Each structure stands twice: as C-alpha cells, then as structure tokens.
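Presented below is the structure to which this report refers.
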Amino acid sequence: MTGFDVDCFGLTHVGRVRGNNEDQFLVATLEKQMRIEHSSIELEPLSGGTLGGRARLLMVADGVGGRAGGELASRVAVRGLSEYAAQAAGCFQRFDVSQEADFLSGLEQGIHRTHDLLIESYGPQAPATTLTMAVLAWPRTYIIHVGDSRAYRLRGRTRAFQRVTRDQTLGEYMIDAGAWSESQAARAQTSGALASAIGGSELRPTVNVVDLEPGDALVLCTDGLTKHLGDEEIGQIVGAAISAESACRLLVDRALQAGGSDNVTVIVARTAPAID
Amino acid sequence: MIQKKVCMVGVYGTGKTCLVQRFVHSIFSTRYQSTVGVKIDRKVVLVDDEPVTLLLWDLEGRDHSHDIAPSYLRGAHGLIYVVDGTRRDTLDQAFELRDLAERAAGPVPSVIALNKMDLRDDWVLESGDIDRLASESWHPLRTSAKTGEGVEAAFGWLARATVGGADKADT
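Protein chains in written order, with our numbering: chain A, 36 to 311; chain E, 1013 to 1183.
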C-alpha cells in the first residue's frame, strides 16, 4: 500500500429538465516526483513519510442558473483554478507550515482572480458559479469551497459519512448570524439563494483540511444530486459501490430517477483499504 | 508578514468553532455543526504594531470514536485548548489532550479557554480548578463565544506568545 492508490471517477448529466448543462468537473493528477532507485539512507525522511510527490486534483462547478452564461462561468473557473493548482503543485511536498499556507493562499488568490476576471469581463451581472475543489496529496486533502456544491468524507473504518463543506446560502448565513431559526430558514423562499459565488456579488472561499485513512472516500457533487438524495443515501451508495465509477453512475442514475430537476455532477475518489 | 499556525484543541461540543467564528467574523450561532477534519480561518492581528497572520486550525473535536489526529498539530506555533465550563469531563480530557498535542507540536505556547461563561447557572468549574491549572503551567482564561467575553484576550495573548514567548505575552 503506497497510500496513493486512489480510484477516481467523475460524471455529469444534464438532467431531465434543463436544456443545457452548466456543470463542469475535472479529475486530474499533478506530478512533481523524485523517484529514488537506490540509496544508502532510509527513504522515510526523504519522502516526508507521507507524500509521493503526486496529488489528485478534483473539481466540480455549477454555473448559476438564471444568469446568462452560467456554463461559461463554471468553465472559466475550472480552467483557471486547474492552472493555479498546477503552478502550485510543488508546494505540498511536506507538512511545512509556511509552504502549506502559501499553497492555500495561492489557490485562494486563484479563486479571487477568476472572480475578478468574470466581473471585469461582464460587469456586475457577470455569470457566476460555485466551485468545490479538492487537492489530495496523500494523506492530506485540501478542500477549497465556494457556494452550495459539496464535499463529503466517507470514513472507511467506521462507515461514517459526513459533510465537510457548509452550503454558502442565504439561509445558512442567516442561521449562523443568529437572524433566522432553522424553521424560519426552511420557510423562506430566498433561503437557497447563493450568499457566495465566483462572479457573484459576494465571494467568501473557505478552506478545510482532511487527512484520509486507507479505505476512506471523498465525494464532490453539485446540488443537482443533493436536491434529490439525502446525505445518508449518498453515503450508502458510495459505501456499497464496487468502484468510483460504479458509485458515480449509481448516484447520477438515482438523481435522474428522482426527477433530475437540475444538472447533476459527481466525483468519487476512493482510497484503497489497508492490507492486513 | 509573520504567519503563525494556531490549533484549536478540545473535546466535541466545547465551542472551538464558535470561538473562531466570534474572533474572526464577530458572529455566534447556537446551531451545533460538528467539524470534519479541520476548518482553516485566518485573521491579522497586531503585535507591537507588527501585523501577524494567525492561521486558525479548528480541529474536529475528540469524541468516543476518534482522537485528535496528531498530523493536524504538526508545525503549530500555538494551541488553544477549549473546555466547556459546564462539563467537567472536558477539563479532565484536556490534560490528556495536552500530552498528545505536545508530543505532536512540541512545547509551544498555549491557552486553555474555559468556555461558555455565559451559562453561569450550569457552570461546574470552581476556583480551585483554575488555581490547579495555573499551578500546572496552564494559562487559563474564561471565555464566552456567545457574549465575546475573554475571546480577544485569549487569541491576543497567544498571538503575543507565539511571537515573543509567554514572557512577552504577560507584559
């Protein structure tokens, strides 16, 4: 077990209602690797004991419906952030605090620059998009998030399926600010409006770190999935699937069976279980 | 600019996330949402007129099924242990967590935030507990994420200590 045996797959579908697909996704490998063939010294200190010099880059983006060019915004965001991630690919070789902070700052700057690009090009009514991005540099995973797409972690050891990100919607913000109760938020028609989006009127990227264990899985998805499937059902499907591809296909099929009211996009990344 | 990594450490439900939210965003929510992994926030503070960026690593709390992951603590310049003043077990576990955290992060400056001071009727910690903490080289501070009491003081003391050591922070 190298710790980097990750089975990744991504899938998108226009759904059963919308005429075009404004979602985008990306599954990529970032490589900057020193291959040690022979050495008189132990390998652990050289490699940091953790990283193989490769990382997986995963992104989902959901162009905001109802605004012109949602498809364009999600494409600009995925393309722009993939370039920033590639530039920063050498920064996560070790658990070095300053390098780690610089790496995260670089990705956040990338989000802000993409946002500025959209605003400068299209003005205050610029097309907008959500973005949930994970950089998996085993075992550490950095998750950068804007909007109401989501990242989940399935802990293989306990089967606990938990949401890592929090939806950046008006309802969630009003609850956090103590202005609305959860029942008030559930009743409010504007509750689901995005309170933060790339190209939107507000942009507040959040950063999470999750250290994975063998047998864990990550799920990134747009709200076309979570409008129709609850967290528990998503976790059960991912936990029971035989592969990342199988999990993605089952999740998208299930969302379509439930109505497919929106574009639906899913990425699943499964780490290999530990070998006893 | 100087950057300092500060980790929030404690049992689940002690108010680690609420303290960060109060300090960084000046908001407080009664809704409990457990943290998965780490949520990172940052805030620039002034230490002797010098800007210092605090990278606040809000670690998921310890519960019966999992302990704090030492990997999150590596490279920390300061630690804030958070205790719920209405749950004595969270103080008892803070002693265990200090052993774990110091093994991972080394002997870095730390504060122990005795949180939820606003729930005075349910408070179970006594002055003897505070004396014991002080005698065992803790730096205890009473805090309330709800009212903001002691929050600036806790983060401010630690920011100074990470730059110049505990002696500087006490001056």
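Glycine residues also receive a C-beta, built at the ideal position from the N, C-alpha and C atoms. In this text the structure is predicted, and so the values were computed from the model without any measurement.
Cβ-based burial, residue 225 of chain A [other Cβ within 10 Å; buried from 16]: As a first step, residue 225 of chain A is located in the first sequence; it is residue number 190 there, counting from the start. Looking at its Cβ environment, which holds fewer than 16 other Cβ atoms inside 10 Å, residue 225 of chain A is exposed.
Nearest neighbour of residue 50 of chain A, chosen from A/244, A/43, A/299 [CA to CA]: Working through the first sequence from its first residue, we reach residue 50 of chain A at position 15. For the residues A/244, A/43, A/299, the minimum Cα distance to residue 50 of chain A belongs to A/299.
Cβ-Cβ distance between residue 256 of chain A and residue 301 of chain A below 8 Å: As a working note, residue 256 of chain A is residue 221 in the first sequence. As a working note, residue 301 of chain A is residue 266 in the first sequence. With a cutoff of 8 Å on beta-carbon distance, residue 256 of chain A and residue 301 of chain A are scored as near each other.
CB contact flag (residue 1098 of chain E, residue 1023 of chain E, <8 Å): Counting from 1 along the second sequence, the entry for residue 1098 of chain E is found at position 86. Counting from 1 along the second sequence, the entry for residue 1023 of chain E is found at position 11. It is not a contact, given that the beta carbons lie outside the stated cut-off.
CB contact check: residue 1028 of chain E to chain A, cutoff 8 Å: The residue given as residue 1028 of chain E occupies position 16 in the second sequence. With 8 Å as the cut-off, residue 1028 of chain E does not count as an interface residue toward chain A.
Nearest to residue 1057 of chain E (by Cα), restricted to the options E/1035, E/1069, E/1072: Taking the first residue of the second sequence as 1, we reach residue 1057 of chain E at position 45. Ranking E/1035, E/1069, E/1072 by Cα distance to residue 1057 of chain E puts E/1035 first.
Neighbour list for residue 213 of chain A in chain E, Cβ cutoff strictly below 8 Å: Here the question's residue 213 of chain A lines up with position 178 in the first sequence. Listed by position along chain E, the residues whose Cβ is nearer than 8 Å to that of residue 213 of chain A are 1039, 1040, 1041, 1042.
Test: residue 304 of chain A CB closer than 8 Å to a CB of chain E: Along the first sequence, read from residue 1 onward, the residue named residue 304 of chain A stands at position 269. No, residue 304 of chain A does not count as interfacial toward chain E.
Supposed close pair residue 94 of chain A, residue 111 of chain A - CB separation, criterion 8 Å: Indexing the first sequence from 1 puts residue 94 of chain A at position 59. Indexing the first sequence from 1 puts residue 111 of chain A at position 76. At roughly 12 Å, the Cβ-Cβ gap does not stay under 8 Å, so residue 94 of chain A and residue 111 of chain A are not in contact.
Alpha-carbon spacing of residue 153 of chain A relative to residue 309 of chain A, whole angstroms: By 1-based counting over the first sequence, the position of residue 153 of chain A is 118. By 1-based counting over the first sequence, the position of residue 309 of chain A is 274. Between residue 153 of chain A and residue 309 of chain A, the C-alpha separation is close to 44 Å.
Cβ neighbours of residue 1193 of chain E in the same chain (closer than 8 Å, five flanking residues each side left out): The question about residue 1193 of chain E has no answer, for chain E in this structure spans 1013 to 1183.
Contact between the stretch 177-197 of chain A and the stretch 266-281 of chain A (3+ Cβ pairs under 8 Å): These segments touch.
8 Å Cβ cutoff, residue 171 of chain A in contact with chain E: As a working note, residue 171 of chain A is residue 136 in the first sequence. Chain E, which has no Cβ nearer than 8 Å to the Cβ of residue 171 of chain A, makes this no.
Coarse secondary structure for residue 104 of chain A, derived from DSSP in three states: By one-based count along the first sequence, residue 104 of chain A stands at place 69. Secondary structure of residue 104 of chain A (DSSP, three-state): coil.
CB contact below 8 Å: residue 1124 of chain E versus chain A: On the second sequence, residue 1124 of chain E is found 112 positions in, with the first residue counted as 1. Not closer than 8 Å to any Cβ of chain A, the Cβ of residue 1124 of chain E fails to qualify, so no.
Minimum Cβ-Cβ distance from residue 201 of chain A to chain E less than 8 Å: Along the first sequence, one-based indexing puts residue 201 of chain A at 166. Interface residue, yes.
Bridge-paired residues (DSSP) for residue 1069 of chain E: Here residue 1069 of chain E is taken as the residue at index 57 of the second sequence, counted from 1. Bridge partners of residue 1069 of chain E according to DSSP: E/1019, E/1052.
Residue 83 of chain A versus residue 89 of chain A: straight-line alpha-carbon distance, rounded: Within the first sequence, numbered from 1, the residue matching residue 83 of chain A stands at position 48. Within the first sequence, numbered from 1, the residue matching residue 89 of chain A stands at position 54. Any answer about residue 83 of chain A is weak, because its pLDDT of 39 lies below 50 and its placement is not dependable; what the coordinates show is given next. Linking residue 83 of chain A to residue 89 of chain A through their CA atoms gives a straight-line distance of about 13 Å.
Presumed contact (8 Å Cβ cut-off) between residue 1072 of chain E and residue 1047 of chain E, rounded CB distance: By one-based count along the second sequence, residue 1072 of chain E stands at place 60. By one-based count along the second sequence, residue 1047 of chain E stands at place 35. The C-beta distance from residue 1072 of chain E to residue 1047 of chain E rounds to 4 Å, short enough to fall under 8 Å.
Enclosing alpha helix (DSSP H) for residue 248 of chain A [first to last residue]: On the first sequence, residue 248 of chain A is found 213 positions in, with the first residue counted as 1. If you look at residue 248 of chain A, you'll find it isn't in any alpha helix (DSSP H); DSSP assigns it neither H nor E.
DSSP-derived helix/strand/coil call for residue 1082 of chain E: Translated into the one-based positions of the second sequence, residue 1082 of chain E becomes position 70. Per DSSP, reduced to three states, the secondary structure at residue 1082 of chain E is helical.
Contacts of residue 1081 of chain E in chain A (Cβ-Cβ under 7 Å): Reading the second sequence from its first residue, position 69 is the one you call residue 1081 of chain E. Simply 246.
Near-chain E residues of the stretch 176-196 of chain A - C-beta to any C-beta below 7 Å: Result list: 188, 193.
Neighbouring residues, chain E, relative to residue 210 of chain A (Cβ below 8 Å): As a position in the first sequence, residue 210 of chain A is number 175, starting the count at 1. Under the 8 Å cutoff, chain E gives 1041, 1043.
Cutoff 8 Å; reference residue 1164 of chain E; Cβ partners in own chain excluding five residues on either side: Residue mapping note: residue 1164 of chain E aligns to position 152 of the second sequence, counting from 1. Cβ within range, chain order: 1035.
Integer-rounded CB distance, given that residue 1085 of chain E should sit under 8 Å from residue 1030 of chain E: Counting from one through the second sequence, the residue named residue 1030 of chain E turns up at place 18. Counting from one through the second sequence, the residue named residue 1085 of chain E turns up at place 73. Incorrect: roughly 21 Å between the Cβ atoms, too far for contact.
Neighbouring residues, chain A, relative to residue 1031 of chain E (Cβ below 9 Å): Here residue 1031 of chain E refers to the residue found at position 19 when the second sequence is read from its first residue. Ordered by position in chain A, no residue passes the 9 Å Cβ test against residue 1031 of chain E, which lies about 14 Å from the chain.
Stretch pair the stretch 199-209 of chain A + the stretch 275-290 of chain A: three plus CB contacts closer than 8 Å: The stretch 199-209 of chain A is not in contact with the stretch 275-290 of chain A.
Inside the stretch 170-205 of chain A only - alpha helix (DSSP H) runs reaching at least 4 residues: Correct list: empty.
C-alpha distance - residue 1150 of chain E paired with residue 1106 of chain E, whole-angstrom precision: As a working note, residue 1150 of chain E is residue 138 in the second sequence. As a working note, residue 1106 of chain E is residue 94 in the second sequence. Here the alpha carbons of residue 1106 of chain E and residue 1150 of chain E stand approximately 11 Å from one another.
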